[in-house]
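Heads up: the sequence shown begins at 131 in the working numbering, then just goes up one per residue. Don't be surprised by glycine CBs; every beta carbon is placed ideally from N, CA and C. Following: one structure in structure tokens, then a few remarks.
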Amino acid sequence: MSRTFARLIIVFVCASCVALEVEAAPGGPINYADPPQGVFIDDWMSIELLGNKAGYLHTEVSRTGDMIDTTYLASLVIGRMAQPVTMNQLQTTREKLDGTPVDFAYQMDASVQKLRLQGVIADGKVAILSDQFGATVRNEYSFPEGALMTWGTLLASERHGYEPGTSYKVDVYLPEMAADTALRMDVKIEAKEQIQIGDQPVDAIRSRQVVKLPGIATGIETLAWTDEHGTILRTESNMMGLKLVMARCTKDEALAEFTPPEFFVPTMVKVDRPIDRERTKSIDYILRPRDARLGLPQLPETGMQHVVSREDDAVHLTVRRIDREPLRKLPAREYGDEWRPYLAPNPIINSDDPAVTELAAKAKGDVAGPYAVADRLRRFVTDYVNDKNLDVGFASASEVCRTRSGDCTEHAVLLAALGRACGIPTRVAVGLIYVPRFGADRDVFGFHMWTQFRIGEQWVDFDAAQEESDCNPTHIAFSTSSLHNMGMGQMVFQLANVIGNLKIDVQSDDAESDKPVTTAPAE
């Protein structure tokens, strides 16, 4: 699943630039009330992970008439057991001179088929079109009132100024994070100090930004150093347990070749005992952050997973296999409007693609009942994705349907799409699973994605990548999403302070017991 987390990082990189104010042009201040026509910002920044170069960010801002166009190109290359993983994201926004957002475009190059999105903002609504394989999906949302995009955020920072002690809040709209919600950015200008840029000491102003998604307690904190005109010199963030640094540089420095840093191995979580995945029916865990200041997110309650207790620095969690026999007897049911996000197509789980609906009918065959259908679909996807590799990014169900390749994310989104095409609500879960051996490491938990079906009154886990309908209790879910609004924001904020910052104590398991296990409390 390293490609998925690479995508989360690259989304965060572009989000950081909006949250940290667009860099002003070198050589002097800009008249933000009346910037010059044409390109007036053309800046480059290097991206570092774990102290090693991992890519670059290119920002260009131009004016045409009374419209401001901003373009971000972020390129990231990381390693997974010495295998390079490349991600590119191109994002453009168009805003009026006063900061009113007008439209945007977004392209993610993470797999065979590029994901392209276009959005238009008007009359309090945002309409987003996605295009893949000649099919266009249109989704419309209410635009968050008062939310700003790139140029508007920069105008807000200029209006408040850079005097130490200044603090303010801005609502920022980042469609790649959440299509229907604004992020809240808290900004505090802290102090003037000297920093090192290359070999030279430079006078700078340090600020601190905390970006949060509504409904999620944890936020992403970033330190930024700017000059007196707001030009960003350096940023530092703790992203997914890895120190992420962006530093101002020349174009040649940004584009220079480098050896990608290893990403996946540092995200594994070591435990002090082996777990019998086949026999174990129930496991009690204590989860703790290594850095207590960052805390842990609220974990979802599902058919398997129950939060027993939560303290400031620990979560007591029980995960147990579900008794599947009662589920087999449940009939099909109708679902009201509240289930629409889990039944409707979206740019990733595009269940209305004719190729996907045809595949769903073939996979379902003549079975009846929601559990029997889900089990049949899971078995089908496990075999259907026959090129199991790490060369694919976070591909859509349409792409997986045609290429039959990918890792856990591709299995998860295809299974979710087939379920929706058969009329069953589905969502994806992101979290951890136990791996007895990974490279030279033993007894570790690695990050993973799987699928959940709504069966009866609970969410039931199915893992096509791991060939499991009766999922073992080493599946620990940290986030779930319908992906109706592209869902990346929820995943980013739920996991940003977890990866690389987690300790897992396996308190007990019942591998020696054959006692049947009943279902856990439903969500």
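CA nearest to the CA of G295, picked from R338, F170 and A308:
Indexing the sequence shown from 1 puts residue 295 at position 165. Measuring from the Cα of G295, the nearest candidate turns out to be R338.
Between V375, G549, Y202 and E190, which has its C-alpha nearest K183's C-alpha?
On the sequence shown, residue 183 is found 53 positions in, with the first residue counted as 1. Taking only the C-alpha atoms, the option nearest K183 is V375.
Bounding residues of the alpha helix (DSSP H) (the contiguous stretch that carries C531):
The residue you call residue 531 lines up with position 401 of the sequence shown. First-last of the alpha helix (DSSP H) with C531: A527 to T533.
Give me the residue from I160, Q582 and D442 with the minimum Cα distance to L284.
Taking the first residue of the sequence shown as 1, we reach residue 284 at position 154. Measuring from the Cα of L284, the nearest candidate turns out to be I160.
Taking the C-alpha atoms as reference points, what is the distance between M579 and A595?
As a working mapping, residue 579 is identified with position 449 in the sequence shown. As a working mapping, residue 595 is identified with position 465 in the sequence shown. So the alpha carbons of these two residues sit roughly 9 Å apart.
Given I171 as reference, the closest of D164, E178 and T189 once Cα atoms are compared:
As a working note, residue 171 is residue 41 in the sequence shown. Out of D164, E178 and T189, T189 has the C-alpha closest to the C-alpha of I171.
Check this for me: beta carbons of W174 and A384, under 8 Å apart or not?
Within the sequence shown, numbered from 1, the residue matching residue 174 stands at position 44. Within the sequence shown, numbered from 1, the residue matching residue 384 stands at position 254. Cβ distance < 8 Å, so W174 and A384 count as in contact.
May I ask you to report which of helix, strand or coil DSSP gives E288?
On the sequence shown, residue 288 is found 158 positions in, with the first residue counted as 1. Correct three-state label for E288: helix.
Which whole-angstrom value describes the C-beta separation of V267 and S260, a residue pair presumed to lie in contact below a C-beta threshold of 8 Å?
On the sequence shown, residue 267 is found 137 positions in, with the first residue counted as 1. On the sequence shown, residue 260 is found 130 positions in, with the first residue counted as 1. With 8 Å as the limit, V267 and S260 qualify as a contact, their Cβ atoms being about 5 Å apart.
Could you tell me which uninterrupted beta strand (DSSP E) segments, each at least 3 residues in length, are contained entirely in the region 185–239, listed from first to last along the chain?
197–210, 213–226 and 231–239
Counting only the same chain and skipping the five closest in sequence on each side, list residues whose C-beta sits under 7 Å from that of P566.
Working through the sequence shown from its first residue, we reach residue 566 at position 436. The residues are P404, R572 and D573.
Assigned secondary structure, R451 (DSSP; H/G/I helix, E/B strand, else coil)
The sequence position of residue 451 within the sequence shown is 321, counting from 1. Coil at R451, not helix or strand.
Report the three-state DSSP secondary structure of K459 (helix, strand or coil).
What you label residue 459 is simply residue 329 of the sequence shown in a count that begins at 1. Looking at K459 - three-state DSSP - the assignment turns out to be coil, as it is neither helix nor strand.
Which residue wins for smallest C-alpha separation from R423, given the options T361, G229, I350 and E358?
To locate residue 423, count along the sequence shown from 1; it is residue 293. It is I350.
Mapping DSSP to helix, strand and coil, what is M279?
Mapped onto the sequence shown, residue 279 falls at position 149. M279: coil per DSSP, three-state reduction.
What number of angstroms, rounded off, separates the C-alpha of I198 from the C-alpha of D228?
As a working note, residue 198 is residue 68 in the sequence shown. As a working note, residue 228 is residue 98 in the sequence shown. Rounded to the nearest angstrom, the two C-alpha atoms are 9 Å apart.
Which two residues bound the contiguous alpha helix (DSSP H) that contains K494?
Counting from one through the sequence shown, the residue named residue 494 turns up at place 364. That run of the alpha helix (DSSP H) goes P484 to K494.
Buried or exposed: which applies to P214, given that a residue is buried once 16 or more other Cβ atoms fall within 10 Å of its Cβ?
Translated into positions along the sequence shown, residue 214 becomes position 84. Classification for P214: exposed.
Heavy atom of the ligand GTP less than 7 Å from the Cβ of A354, yes or no?
In the structure on display, the ligand GTP does not appear, and there are no ligands present to speak of.
Opposing strand residues paired with R550 [DSSP bridges]
Translated into the one-based positions of the sequence shown, residue 550 becomes position 420. Its beta-bridge partners do not exist; DSSP assigns none.
Environment of K400 [buried if 16+ CB atoms lie within 10 Å]:
As a first step, residue 400 must be located in the sequence shown, where it is residue number 270. K400 comes out exposed.
Going by other Cβ atoms of all chains shown within 10 Å of its Cβ, with 16 needed for buried, is E540 buried or exposed?
The residue labelled residue 540 in the question sits at position 410 within the sequence shown. Buried is the call here.
Count the C-beta pairs between the region 624–637 and the region 408–424 that are closer than 8 Å, then say yes if the count reaches three, no if not.
yes
Cβ-based neighbour list, F608, same chain, cut-off 7 Å, excluding 5 preceding and 5 following
If you number the sequence shown from 1, residue 608 lands on position 478. If we look at F608 and ignore the five residues flanking it on each side, its Cβ neighbours are P427, L429, V560, G561, Q624, L625 and V628.
Taking just the CA atoms, how far does W355 sit from N368?
Sequence index remark: in the sequence shown, residue 368 carries index 238 (1-based). Sequence index remark: in the sequence shown, residue 355 carries index 225 (1-based). Computed Cα separation, rounded: 16 Å.
Looking at the structure shown, is H541 part of a helix, part of a strand, or coil, going by DSSP?
Translated into positions along the sequence shown, residue 541 becomes position 411. It is helical.
Rounded to the nearest angstrom, what separates G433 and I452 at their Cα positions?
Walking along the sequence shown from the start, residue 433 turns up at place 303. Walking along the sequence shown from the start, residue 452 turns up at place 322. Each residue's Cα considered, the two are about 7 Å apart.
So A277 packs on D301, CB below 8 Å; how close in whole Å?
Numbered from 1 along the sequence shown, position 147 holds the residue referred to as residue 277. Numbered from 1 along the sequence shown, position 171 holds the residue referred to as residue 301. Contact holds; Cβ gap of about 5 Å.
Which same chain residues, not among the five before or five after I413, have their C-beta less than 6 Å away from its C-beta?
Taking the sequence shown and counting its residues from 1, the one referred to as residue 413 is at position 283. Correct list, in chain order: V449, P603 and D639.
For V647, which three-state DSSP category applies?
Here the question's residue 647 lines up with position 517 in the sequence shown. With a pLDDT of 41 at V647, under the threshold of 50, the modelled position of this residue cannot be trusted, and the question is left open.
For the alpha helix (DSSP H) holding F510, just list the boundary residues, first then last.
Working through the sequence shown from its first residue, we reach residue 510 at position 380. Per DSSP, F510 belongs to the alpha helix (DSSP H) from P500 to Y514.
Distance check for L304 and K342, CA to CA, integer angstroms please.
Within the sequence shown, the letter at position 212 stands for residue 342. Within the sequence shown, the letter at position 174 stands for residue 304. Roughly 12 Å between the two C-alpha positions.
Please name the residue, chosen from L417, P456 and L363, that lies closest to A444 on a Cα-to-Cα basis.
Taking the sequence shown and counting its residues from 1, the one referred to as residue 444 is at position 314. Measuring from the Cα of A444, the nearest candidate turns out to be L417.
By a C-beta neighbour count over all protein chains shown, 10 Å radius and 16 as the cutoff for buried, is V515 buried or exposed?
Looking up residue 515 in the sequence shown gives position 385. When all chains shown are included, V515 counts as buried.
Taking the alpha-carbon of F388 as reference, which of A286, S611 and Y186 has the nearest alpha-carbon?
Residue numbering aside, residue 388 sits at position 258 when the sequence shown is read from its first letter. If we check each option's Cα against that of F388, Y186 comes out closest.
With 16 other Cβ atoms within 10 Å as the buried cut-off, status of R584
Within the sequence shown, the letter at position 454 stands for residue 584. Per the 10 Å Cβ criterion, buried.
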